[in-house]
Amino acid sequence: MTYKSVIEELYCKLLGIELKRILNEREMLQNQIGYETAEGEIELLSETTVGQILKGKRNISFNASLAFQTSLDYKNPRELFFPSIEFELLLIENIISTILIDPTFENTFLKKLIAKIFSNVSKKEVSQIIEKNKEIYLDSLSSFISDFPEEETSHQIAEKLTYWLSELACLIPQI
142 MTYKSVIEEL YCKLLGIELK RILNEREMLQ NQIGYETAEG EIELLSETTV GQILKGKRNI
202 SFNASLAFQT SLDYKNPREL FFPSIEFELL LIENIISTIL IDPTFENTFL KKLIAKIFSN
262 VSKKEVSQII EKNKEIYLDS LSSFISDFPE EETSHQIAEK LTYWLSELAC LIPQI
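Going by our numbering, the first residue of the sequence shown is number 142, and it counts up by one from there.
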């Protein structure tokens, strides 16, 4: 696997879980995700499409993004792709944990750098370290992905997160 595919799989899975939580919280059904077309028609996503997105098995395309943004009353794409600070922190925590255990990152400088701080550390301790330094991580991620990113799909956002790994490498020594 490539870095991109590992991060893409992780990001889409976490985003799907978060979107499912939000839909449940708002008591919305999978067949209620849609948007109004330029012609004034209501375009609903199929339940299958929504279900696959919520399982992290499907890319959120431009139209699906528009449907979720409209249905969830989000003001911009970033609200959909990064629904909360808690989601962002969980994502960062999972990226770090994945780098430590996924064979794709074996023998990389990034893994060695992260292992200096996070090796022999439980998942709870990783979470605590990230929480303690959350402003650094969140500011970095926020500056990397704007409210109206050029990226229009979840796979494109995941690819941008792959580029963010170089920024993460610069942040680790600051902890």
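Cβ coordinates follow ideal geometry from the N, Cα and C atoms, glycine included.
Go ahead and pull the three-state DSSP assignment for Gly157. Here residue 157 refers to the residue found at position 16 of the sequence shown. Helix.
Based on Cα-Cα distance, which residue from Cys153, Asn204 and Thr189 lies nearest to Tyr176? To locate residue 176, count along the sequence shown from 1; it is residue 35. Out of Cys153, Asn204 and Thr189, Asn204 has the C-alpha closest to the C-alpha of Tyr176.
C-alpha gap between Gln210 and Leu195, whole angstroms: Translated into positions along the sequence shown, residue 210 becomes position 69. Translated into positions along the sequence shown, residue 195 becomes position 54. Each residue's alpha carbon lies about 15 Å from the other.
Buried or exposed: which applies to Ser206, given that a residue is buried once 16 or more other Cβ atoms fall within 10 Å of its Cβ? As a first step, residue 206 is located in the sequence shown; it is residue number 65 there, counting from the start. The residue is buried, with at least 16 neighbouring Cβ atoms inside 10 Å.
Consult DSSP for Glu168 and reduce its assignment to one of helix, strand or coil. The residue labelled residue 168 in the question sits at position 27 within the sequence shown. Glu168 carries a coil assignment under DSSP once its states are collapsed to helix, strand and coil.
To which residues of the same chain is Ser238 closer than 7 Å at the C-beta, ignoring the five residues directly before and after it? Along the sequence shown, one-based indexing puts residue 238 at 97. Shown here for Ser238: same chain residues with a beta carbon closer than 7 Å to its own, the five before and five after excluded, namely Lys264 and Val267 in chain order.
Is the CB-CB distance between Lys154 and Thr303 below 8 Å? Here residue 154 corresponds to residue number 13 of the sequence shown, with the count starting at 1. Here residue 303 corresponds to residue number 162 of the sequence shown, with the count starting at 1. It is not a contact, given that the beta carbons lie outside the stated cut-off.
Using the Cα positions of Ile201 and Leu186, report the straight-line distance between them to the nearest angstrom. The count along the sequence shown starts at 1 and reaches residue 201 at position 60. The count along the sequence shown starts at 1 and reaches residue 186 at position 45. A straight-line Cα-Cα distance of about 11 Å links Ile201 and Leu186.
So, at 6 Å on beta carbons, what are the nonlocal neighbours of Glu300 in its own chain, with the 5 sequence-adjacent residues on each side left out? In the sequence shown, residue 300 corresponds to position 159, counting from 1. Same-chain partners within the cutoff: Lys145.
Roughly how many angstroms lie between the CA atoms of Gly157 and Gln173, to the nearest whole one? Along the sequence shown, read from residue 1 onward, the residue named residue 157 stands at position 16. Along the sequence shown, read from residue 1 onward, the residue named residue 173 stands at position 32. Between the alpha carbons of Gly157 and Gln173 lies a gap of roughly 16 Å.
Beta-bridge pairing of Tyr144 - partner residues as DSSP gives them: For this step, residue 144 is matched to residue 3 along the sequence shown. Tyr144 is not bridged to any residue.
Would you give the residue range spanned by the beta strand (DSSP E) that Ile255 belongs to? Walking along the sequence shown from the start, residue 255 turns up at place 114. No beta strand (DSSP E) holds Ile255; the alpha helix (DSSP H) holding it covers Phe250 to Phe259.
Is Glu184 helix, strand or coil when you go by DSSP? Locating residue 184 in the sequence shown gives position 43, where the first residue counts as 1. In the structure shown, Glu184 sits in a strand (DSSP, three-state: E or B).
Just to confirm before moving on: does the CB-CB distance between Phe222 and Ser284 stay below 8 Å? For the purposes of this step, residue 222 is taken as the residue at position 81 of the sequence shown. For the purposes of this step, residue 284 is taken as the residue at position 143 of the sequence shown. Not closer than 8 Å, so no.
If we call anything under 8 Å between Cβ atoms a contact, is Asn248 one with Ile316? Position 107 of the sequence shown, counted from the first residue, corresponds to residue 248. Position 175 of the sequence shown, counted from the first residue, corresponds to residue 316. Ile316 sits away from Asn248, with the two beta carbons spaced by 8 Å or more.
Could you tell me which of Glu184, Glu182, Ile271 and Leu312 sits nearest to Phe228, measuring between CA atoms? Residue numbering aside, residue 228 sits at position 87 when the sequence shown is read from its first letter. Residue Ile271 is the option with its Cα nearest to Phe228.
Does DSSP put Glu291 in a helix, a strand or coil? Numbered from its first residue, the sequence shown carries residue 291 at position 150. Looking at Glu291 - three-state DSSP - the assignment turns out to be coil, as it is neither helix nor strand.
DSSP beta-bridge partners of Tyr176: Walking along the sequence shown from the start, residue 176 turns up at place 35. DSSP output for Tyr176 lists Glu184 as bridge partner(s).
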